[in-house]
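Inspection log for the structure reproduced underneath, given as structure tokens.
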Amino acid sequence: MRLGFKVGAAVVLVAVGAVGAGWFLLGEGLDRAEKWVSIVGVCVSTALSGGGTLLGWLTWRQTRAVSHAPAVTAWGIGAVGIGGSSGGEIQTDVSGVAKSTSPTPGGGAGVHAGGPGSVAVGGDSTAPISTRVTGPDAQQRP
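Residue numbers for the sequence shown follow this note's numbering, beginning at 288 and rising by one.
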């Protein structure tokens, strides 16, 4: 079904319901019609209030479930920075790289990792991550 058809059908059903309710209330007389309107109003008001409360609770619960991870900074050879949970294995194997001066860590939010063989994950990681760096100094290592 197309969206236009669904909207049109909903409008027709609401209109038919309103006309039917009006026809019913016309036959009831003023005193009984006023009582019916009050009863229906209480029911509709209670349903809308409950729906709004439920929607507000679900939204509040969802915003609490999403935690904002703090800024993570990892600098250096084989550094690892994870800005969320990680269920996978993360390995770094750096060999043959002379210890160099690491860059100055930058500020700001987010996940930052710098240096040879470094890893930065900006969210959840479910797969193993492995890095291998072999530099010219690898033959000189025992």
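Just so you know, even glycine gets a beta-carbon here, dropped at the ideal spot from N, CA and C.
Asked                                                                                                                                                       : Found
For the putative contact between Ser405 and Ala361, defined by C-beta atoms under 8 Å, what is the C-beta separation to the nearest angstrom?               : 7 Å
Sorted by chain position, which residues of the same chain lie with C-beta nearer than 8 Å to Gly304's C-beta, five sequence neighbours on each side aside? : none
Keeping to the same chain, check which residues put their C-beta closer than 6 Å to that of Val408; ignore five residues upstream and five downstream.      : Ile369
Count the other CB atoms within 10 Å of the CB of Ala414; is the residue buried (16 or more) or exposed (fewer)?                                            : exposed
If I measure Cβ to Cβ from Val324 and keep anything under 8 Å in the same chain, skipping five residues before and after, which residues do I get?          : Leu312
So what does DSSP say about Met288, is it helix, strand or coil?                                                                                            : coil
Rounded to a whole number of angstroms, what is the C-alpha to C-alpha distance between Ile364 and Ile377?                                                  : 15 Å
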